[in-house]
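Number of protein chains: 2
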Amino acid sequence: MKLGHMSVPGDCNRISPILSHVGNKWAALTILVLSERPKRYNQLRREIETISQRMLTVTLRGLERDGLVAREVFAHKTPPQVEYSLTPLGETLVQPLFALCEWSALNCTEIERNQAAHDGEAGDPHASVA
Amino acid sequence: MKLGHMSVPGDCNRISPILSHVGNKWAALTILVLSERPKRYNQLRREIETISQRMLTVTLRGLERDGLVAREVFAHKTPPQVEYSLTPLGETLVQPLFALCEWSALNCTEIERNQAAHDGEAGDPHASVA
DNA sequence: CTGAATCCGCAGGGATACTG
DNA sequence: CAGTATCCCTGCGGATTCAG
Chain A
1 MKLGHMSVPG
11 DCNRISPILS
21 HVGNKWAALT
31 ILVLSERPKR
41 YNQLRREIET
51 ISQRMLTVTL
61 RGLERDGLVA
71 REVFAHKTPP
81 QVEYSLTPLG
91 ETLVQPLFAL
101 CEWSALNCTE
111 IERNQAAHDG
121 EAGDPHASVA
Chain B
1 MKLGHMSVPG
11 DCNRISPILS
21 HVGNKWAALT
31 ILVLSERPKR
41 YNQLRREIET
51 ISQRMLTVTL
61 RGLERDGLVA
71 REVFAHKTPP
81 QVEYSLTPLG
91 ETLVQPLFAL
101 CEWSALNCTE
111 IERNQAAHDG
121 EAGDPHASVA
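The listed protein sequences derive, respectively, from chains A and B. Going by the UniProt record's numbering, 8 is the number at position 8 of the first sequence; the sequence numbering is gapless. Going by the UniProt record's numbering, 76 is the number at position 76 of the second sequence; the sequence numbering is gapless.
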């Protein structure tokens, strides 16, 4: 796959999984929350609030595996204290991710309107669609 | 959810679904491919190649619903010719999406190495991990 | 050519309970 | 506090078939 004038180095088949991985809901939120400063497990849980403990763990493991997030255990004993932080590589992801996040924030209202309008047309033939 | 100094207008709970939607593998690729120029159905199919016809249709419908992609039917008769193009709103998504795509392309090798290294440590205790 | 519809397997992801 | 393990359900997404 090629992108014409906007040449993307490498194969898009290699980047697409990565894209959908970091573009992932939980991963993206985690990166963004972590971009503020390193945080502990339950602190992340509280801040992302809608995340389940399972998905937080799974997401963190995945990001750790990618080398985007570092896990530091301060004491392997009472009470356990684990801190998660972005690696340098993870830091480089923040900006593009934030850009996309910003775009979403800026346009979510319009998108929601578009969706509602589109659904209205399709769902209700009696609507005043002319 | 707040992002501290990098204030994101609106609620992250509203943007996260959008983010995961446009960050979606097929949606992202479709937008990117369409950013080059408007294209027809089977042309998209060929260029994204790995996509199934079902997912292409589903993805296009979703993007259409969001108002990111426009669908234009040139003739509703023999042979049907349908062209898909980005809407102005869709155009605004190209840049941030491309930035993320670029990041993936730049770092996919390092990520793959990180993954391999991480898997090596965990998967094989006999590895020379010191 | 441009789809819609159906079947179906598999992974994502939530809830809950248990552990160190 | 910081996880792990299990259950289980939903939806993604591929393959195939039918239609205008």
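Where is the CB? At the ideal position from N, CA and C, for every residue including glycine.
- Per the DSSP secondary-structure output, Q81(B) pairs in a beta bridge with A75(B).
- For S104(B), the number of other beta carbons within 10 angstroms of its own is at least 16, and it is reported as buried.
- Contact between G23(A) and S20(B) holds, with the beta-carbon distance rounding to 7 Å and staying under 8 Å.
- Every unbroken stretch of the beta strand (DSSP E) spanning 3 or more residues and falling wholly within the UniProt domain "HTH hxlR-type" (12-112) of chain B is given here in chain order: 69-75 and 81-86.
- Contact annotation: D119(B) and Q115(A) have beta-carbon atoms that are not nearer than 8 Å.
- At a cut-off of 8 Å between C-beta atoms, R45(B) does not count as an interface residue with respect to chain A.
- Here K77(A) is exposed, its C-beta having fewer than 16 other C-beta atoms within 10 Å.
- Pairing K39(B) with R46(A), the inter-Cα distance amounts to about 45 Å.
- S16(B) and E36(B) have their alpha carbons spaced roughly 27 Å apart.
- For G120(A), no chain B residue has a C-beta closer than 9 Å to its own C-beta; the minimum C-beta separation is roughly 11 Å.
- Here G90(B) has L68 and V69 as same chain residues with Cβ atoms under 6 Å from its own Cβ, once five neighbours each way along the sequence are excluded.
- Pairing E102(A) with A27(A), the inter-Cα distance amounts to about 16 Å.
- With its beta carbon at least 8 Å from every one in chain B, Q53(A) lies outside the interface.
- Between E72(A) and V82(A) a beta carbon distance of about 7 Å is seen, short of the 8 Å cut, so the two are scored as contacting.
- If you draw a straight line from the Cα of L56(A) to the Cα of Q95(A), it is about 22 Å long.
- When the Cα atoms are used, A99(B) and Q53(A) turn out to be separated by approximately 31 Å.
- Identification of chain B residues near R40(A) by a Cβ-Cβ cut-off of 7 Å yields none; the smallest Cβ-Cβ distance measures about 16 Å.
- Going by beta carbons, I31(A) and L97(A) fall inside the 8 Å limit.
- At a cut-off of 8 Å, the C-beta of A99(A) has a neighbouring C-beta in chain B.
- F74(B) and Y41(B) have their C-alpha atoms spaced approximately 12 Å apart.
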